[in-house]
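This report refers to the structure that appears directly beneath it.
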Amino acid sequence: QVQLVESGGGLVQSGGSLRLSCAVSGRTFSNYNMGWFRRAPGKEREFVASIRWIGGSTSYADSLKGRFTISRDNAKNTMYLQMNSLKPEDTAVYYCAAGFLGSGWEYWGQGTQVTVSS
């Protein structure tokens with residue numbers, strides 16, 4: 471059974487940093503993209519960043535470039551999202567996801583809450 475489990479969320483002051491983790495299990499994700507999404511209160515879910523499991527090529531939402539960094543550790547089957555210079559508008563539930571190359575996002579984690587206080 472495929473599982474994606476996020477961790478690392480919490481409460482942080484504006485300007486602070488957090489690192490989210492997504493532990494994956496249950497299958498090999500060699501030909502998959504891995505991604506982070508977020509849903510803020512009252513808003514639609516939005517794309518944050520993605521990374522190809524093999525090769526490591528990355529993509530970011532334009533508005534987040536320079537503050538957020540996605541990475542993965544293949545040996546640990548874990549993906550990360552380093553978030554710096556956090557702002558109150560970054561407050562959201564953050565989800566990790568996996569999708570076969572060229573297809574949609576097939577697997578989702580349960581989400582982790584990030585709250586940035588002003």
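Heads up, the sequence shown is in this note's numbering, so the first residue is 471 and it goes up one at a time.
The beta carbon of each residue, even a glycine, is placed where N, CA and C say it ideally should be.
Exercise. Looking only at C-alpha atoms, which of L474, Y502, L490 sits nearest to G572?
Worked result: Stepping through the sequence shown from its first residue, residue 572 is reached at position 102. Of the candidates L474, Y502, L490, the one whose C-alpha sits nearest the C-alpha of G572 is Y502.
Problem set entry | Coil, strand or helix - K557 by DSSP | As a working note, residue 557 is residue 87 in the sequence shown. Looking at K557 - three-state DSSP - the assignment turns out to be coil, as it is neither helix nor strand.
For this session: Would you list the residues sitting across from F507 in a DSSP beta bridge?
Result: Counting from one through the sequence shown, the residue named residue 507 turns up at place 37. Per DSSP, F517, Y565.
For this session: Measure the Cβ-Cβ separation of R489 and L534 and say whether it is below 8 Å.
Result: Translated into the one-based positions of the sequence shown, residue 489 becomes position 19. Translated into the one-based positions of the sequence shown, residue 534 becomes position 64. Result no, Cβ atoms of R489 and L534 do not sit closer than 8 Å.
Exercise. Considering only the beta carbon of each residue, do S577 and V475 sit closer than 8 Å?
Worked result: Start at 1 with the first residue of the sequence shown, and residue 577 comes out as number 107. Start at 1 with the first residue of the sequence shown, and residue 475 comes out as number 5. According to the sequence shown, residue 577 is Tyr rather than Ser. In this structure, V475 does not lie closer than 8 Å to Y577 by Cβ.
For this session: Pull up the CB-CB distance for F625 and M553, whole angstroms please, since I reckon it's below 8 Å.
Result: No statement about residue 625 is possible, as the shown extent of the chain runs from 471 to 588 and does not include it.
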